[in-house]
Every structure is written in C-alpha cells, then in structure tokens.
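Before any comments, here is the structure.
Protein chains: 2
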Amino acid sequence: MVDQTLAVAPRRTRRLDEERAQAILRATYDLLREAGYQGLRVDAVCARAQASKATVYRHWPTKASLVADAIRTCKSGEAGVPDTGSLRGDLVAWFGAIARSVAGDEGPLLAGLFVAMTHDPELAAELRSMRDSKVAHAEAVCARAEHRGELRPGYDPGLIDEIVPAQLFMRHFALGQELDDEFIEHLVDDIMLPLLVR
Amino acid sequence: MVDQTLAVAPRRTRRLDEERAQAILRATYDLLREAGYQGLRVDAVCARAQASKATVYRHWPTKASLVADAIRTCKSGEAGVPDTGSLRGDLVAWFGAIARSVAGDEGPLLAGLFVAMTHDPELAAELRSMRDSKVAHAEAVCARAEHRGELRPGYDPGLIDEIVPAQLFMRHFALGQELDDEFIEHLVDDIMLPLLVR
DNA sequence: ACCGTACGAAACGGTTTCGTTTCGTATTTA
DNA sequence: TAAATACGAAACGAAACCGTTTCGTACGGT
Chain A
2 MVDQTLAVAP
12 RRTRRLDEER
22 AQAILRATYD
32 LLREAGYQGL
42 RVDAVCARAQ
52 ASKATVYRHW
62 PTKASLVADA
72 IRTCKSGEAG
82 VPDTGSLRGD
92 LVAWFGAIAR
102 SVAGDEGPLL
112 AGLFVAMTHD
122 PELAAELRSM
132 RDSKVAHAEA
142 VCARAEHRGE
152 LRPGYDPGLI
162 DEIVPAQLFM
172 RHFALGQELD
182 DEFIEHLVDD
192 IMLPLLVR
Chain B
2 MVDQTLAVAP
12 RRTRRLDEER
22 AQAILRATYD
32 LLREAGYQGL
42 RVDAVCARAQ
52 ASKATVYRHW
62 PTKASLVADA
72 IRTCKSGEAG
82 VPDTGSLRGD
92 LVAWFGAIAR
102 SVAGDEGPLL
112 AGLFVAMTHD
122 PELAAELRSM
132 RDSKVAHAEA
142 VCARAEHRGE
152 LRPGYDPGLI
162 DEIVPAQLFM
172 RHFALGQELD
182 DEFIEHLVDD
192 IMLPLLVR
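Chains A and B, in that order, give the protein sequences.
Just add 1 to the spot in the first sequence (first one is 1) and you have this note's numbering.
Just add 1 to the spot in the second sequence (first one is 1) and you have this note's numbering.
Following this line, the structure appears as structure tokens:
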C-alpha cells in the first residue's frame, strides 16, 4: 500500500519512513474507532502520530483515502477456531471470538462508518471489499460436523455469515446489551443449530 | 412533551407556538436522518425551521435534548399488518413493511446515532427506551397461525423481534445490498419459518 | 559534498460552528 | 394599556478545523 503510493509519486529522494507511515495509519485507525469517521480530525491524527499535516496530506490527499489505508493496514485478521470435538463447541468458541471482535475493534469501526458510507459510495465500496467473509470458515466447521455425523447434507453454512455478525453487532450497539456467554449459547442453541441441523 | 417543557418554565408570557416547535423538531429529525448525530448542526436546524438559535437553545439546551425530543415526536408508529390468511403471507407482508422502514427513516436514524450512543450513555438509554418492540406484534401473528393450525405450541415469537430488524439493517447499511422481495422471502422461508415451525 | 525532496513544527487565511447577546417586534397577562 | 417575556434575524467573540505555506533540518541519490 504505502510502497505503492510512493511508487507512483514524483522522483522522490527523501521518503516517509515505513515506521512513520505505520504510526500515522495506526493513529488514524484508533481515532476512527473512538470518534467515528465524522468525528475523525486530521489534526488529531497528526497530533497523535506526531506527523505534520503537510506530510499526511502529501501521502493521503483525502480523509477517505487515509481511512481506507488505515483499515486495510490495521484490521486484524480472522482468528482460527479450535476444534473442540463437537459442532456446538466449535460454534460457541467461534461466536465468542467474533463477539469479542465486535465489542473490541470491528464493531466500533463499523458503527462509525455508516453515515460516511451512505454519503460516499466509493469509500463504501472499498470498505465493503475489505470485509472478511466468514463463509469459508463456516463451511470448514460444518464439514467437520458432517464428518462426525452431526450434520446431514443440505445445511447452509452461509447463514452463519449472514446472521451471527448482524445479531452480535445490533445487540451490542443498538440495544446496548452484553455479548456474554449466555447470549452466545442462545445464538448457537436457539438460532444457528436449529437452522443447520434441520 | 413540548407542553411539559413549557409547564416547568418560568412565568412566561409569550410562548413558542406549537406549530413552530413542531417545525423545529421536524427539521431536526430530517437533518438527523440526512447527516447523522455528529453531522447535525444546530445552525442548520435553525435555518431549515426558520427559528432563531436563541429560541432553540432556550427550549432545548443541548443537542442531545433536541434530538431526543425530535425522535420522540416525529418517529412514526408501527403500522399494522394485514391478515393474509397464512403465516408465510403475514410474515412476508410484515417484514416488507419493516424493510421499507429500515431503508426509509428508521435505518438512517439509527445509523447516525451509534457513535453518539457510545459516548453519551444517557442519550443512549433514552433512545433505547423509545424503541418499539415487535414482540407483541409477533405474538399476535403467531397466535393467529397457531389458531389456523400452522404452528404448534413452543414457538418463540421473540426471535422475530431479535433477528429481523438486525438482518435488514445490516444487509442494507453494512453490505449495501437491496432489501428486495427475494431477500424478504429468504428471511421468511430460510430463517424465520424454520425457527418458528420446528 | 552538493542538490533536491520531504520531514516535523508552526503559522497562515479562510470557513464553520458553537453558545451568547442585541435589537426591533410580537404576544401574553394582569 | 403597560409590563414582561420571548420571538426571529443578525451579529458577536471564541474556538475548532480545513488545506496550504513557511522554515529549519533531515534524508536519499549522484
């Protein structure tokens, strides 16, 4: 990313240190999580990263480009899920990890981006292209369960990707309720397992 | 609401016309939907409602109080659902209506309020207390279906309130995808009916 | 070593927004 | 009718923020 930006730049001699670029993107990411896109101030990014505004604007001409790069760079990858020996155990462990992500970084980032995505379709498209689909992971978990005899053919693993993040996000942000073990188990036992096992 | 505000005010002679108050709250509501909470400017409310800032600040000392009153006043009520003669028909019609609301007013309002709710717990609590639960409605629809022999006892109507708004909102705002008839039918046939009928 | 470019810090000029004040006029009450 | 209050429009003073420029210094390439 940053290298690519520099590659199309004019004949540069001095260039932005990779460490400094990371600090700028990290500051952007953290402030984006705290304040949302509309509340994000380039001034604040520069202050937190101890970078000059001229530098930041030179490399990222718009707030949208800065934010897109920040998310692309700092977004954590999908953690693997342990094989617990049962479909229910796998789902509880996995959904618990997703819940921690929703309550941690991913949720606040998304919460802070909705209005901007409504107004800036280009940014929206770019951010949506970065979304990690959970379908492959769901397929792996369900295939394991099928192999164990817990599931019969005909289940739709895509329902996991469709339902679980949405339920976790809305419960936490719209309703302000805890994503505790009880809720995770409800999500597994009352919603996802019935839909997969039927 | 507005009357209550006036009732606790000092010995007033001239007072804010009810029509004027409504115009201010309507302008607030509309701008909130367009720009979100963080993008809402009191200046813009005053310009749109043709009210002075002194007037607005006199009656609503903070942006949060203005926004809470605007939502309380302008939020449309839950429309009734026609009795189509079948559970599936009822759900398709009802979820279609919810989808139109999510894509219309309710969704953008919510999308624009997440960050504010994170930072202002009082505002969050107040807004959450205004949320129309769909449980009673779901119970009525399901009771009708049970009476028709379509459902057996043991279904959980609360799942409708839990799942449907979240799925509609996230599909529209997070994924930027259409809430078309196909998706409504998928929501009914592949998710809600299996969970209710089991 | 020299030259060209860009760094960080600070300042710039312009705009926006906030919450408050001022002023002429309107409304309500006694 | 007079007095008190508040209306809408405009202005106020301060702060924040934007994107750009300036300056001394640092870095990369030849």
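Glycine included, every Cβ here is placed at the ideal spot set by N, Cα and C.
- Item | Euclidean distance between Cα positions of A/K54 and A/A48 | Their Cα atoms are separated by approximately 9 Å.
- Counting along the chain, where does the alpha helix (DSSP H) carrying A/G90 start and finish? L88 to A104 is the extent of the alpha helix (DSSP H) around A/G90.
- Query: Whose C-beta lies closer than 6 Å to the C-beta of B/A125 among residues of the same chain, with five residues either side of it excluded?
  - Reply: M118.
- Opening and closing residue of the alpha helix (DSSP H) in which A/P166 lies: For A/P166, the enclosing alpha helix (DSSP H) has its first and last residue at G159 to F174.
- Using three-state DSSP, classify B/M193 as helix, strand or coil. Helix at B/M193.
- Task: May I ask you to verify whether the segment 74–84 of chain A touches the segment 22–39 of chain A, counting CB pairs closer than 8 Å and requiring at least 3?
- Result: As far as the Cβ criterion goes, the segment 74–84 of chain A touches the segment 22–39 of chain A, which means the pair count is three or higher.
- Anyone know if the C-beta pair for B/L196 and A/I164 falls short of 8 Å? Not in contact: B/L196 and A/I164 (Cβ atoms no closer than 8 Å).
- Coarse secondary structure for B/K64, derived from DSSP in three states: Three-state DSSP puts B/K64 in a helix.
- Query: Is the CB of A/P158 under 8 Å away from at least one CB in chain B?
  - Reply: At a cut-off of 8 Å between beta carbons, A/P158 makes no contact with chain B.
- Message: Please confirm whether A/G37 has its beta-carbon closer than 8 Å to some beta-carbon of chain B.
- Response: Under the Cβ distance rule, A/G37 counts among the residues neighbouring chain B, one pair being separated by less than 8 Å.
- Any C-beta of chain A sitting closer than 8 Å to the C-beta of B/R199? Yes, its Cβ sits closer than 8 Å to a Cβ of chain A.
- Please confirm if A/R129 has its CB atom under 8 Å from at least one CB of chain B. At a cut-off of 8 Å, the C-beta of A/R129 has a neighbouring C-beta in chain B.
- Inspect the CB distances between the segment 103–114 of chain A and the segment 32–45 of chain A and report whether three or more fall short of 8 Å. By the Cβ criterion, the segment 103–114 of chain A is in contact with the segment 32–45 of chain A, since at least three pairs of Cβ atoms, one from each stretch, lie closer than 8 Å.
- Measure the CB-CB distance between A/G177 and B/R129 and report whether it falls below 8 Å. With contacts defined by Cβ atoms closer than 8 Å, A/G177 and B/R129 form a contacting pair.
- Task: With 8 Å as the threshold, decide whether the Cβ of A/A125 is near any Cβ in chain B.
- Result: Closer than 8 Å to some Cβ of chain B, the Cβ of A/A125 qualifies, so yes.
- Query: Does DSSP put A/A80 in a helix, a strand or coil?
  - Reply: It is coil, neither helix nor strand.
- How would you call A/D70, buried or exposed, if buried means at least 16 neighbouring beta carbons within 10 angstroms? When all chains shown are included, A/D70 counts as buried.
- Message: Quick check on B/L41: does DSSP put it in helix, strand or coil?
- Response: Taken through DSSP and simplified to helix, strand or coil, B/L41 comes out as coil.
- Taking only beta-carbon atoms, is A/L32 less than 8 Å away from chain B? For A/L32, the answer is no, since every Cβ of chain B falls outside 8 Å of its Cβ.
- Query: Is A/R15 buried or exposed, if buried means 16 or more other CB atoms sit within 10 Å of its CB?
  - Reply: With fewer than 16 Cβ atoms within 10 Å of its Cβ, A/R15 is classed as exposed.
- Task: Assign A/M131 to one of three DSSP states: helix, strand, or coil.
- Result: DSSP, read as helix, strand or coil, puts A/M131 in coil.
- Item | Same chain only: Cβ atoms within 8 Å of B/A8, ignoring 5 sequence neighbours per side | With a pLDDT of only 39 at B/A8, under 50, the local geometry of the prediction cannot be trusted, and the value read off the model is given with reservation. Taken in chain order, the list of residues that qualify is empty.
- Count the other C-beta atoms from every protein chain shown that fall within 10 angstroms of the C-beta of B/M171, then say buried if there are 16 or more, exposed otherwise. B/M171 comes out buried.
- Message: Between which two residues does the alpha helix (DSSP H) holding B/L111 run?
- Response: Residues E107 to A112.
- Can you find a CB in chain A that lies within less than 8 Å of the CB of B/A55? Cβ-Cβ to chain A under 8 Å: no for B/A55.
- Just curious, the alpha helix (DSSP H) that B/T85 is in, first and last residue? For B/T85, there is no enclosing alpha helix (DSSP H), as DSSP gives it neither H nor E.
- Put B/D14 into one of helix, strand or coil per three-state DSSP. Note on identity: in this sequence residue 14 of chain B is Thr, with Asp being the wrong assignment. B/T14 carries a coil assignment under DSSP once its states are collapsed to helix, strand and coil.
- For my contact list, B/H173 and B/L180 are in at a C-beta cut-off of 8 Å; report their separation, rounded to the angstrom. That belief holds up - the Cβ atoms of B/H173 and B/L180 are roughly 6 Å apart, short of 8 Å.
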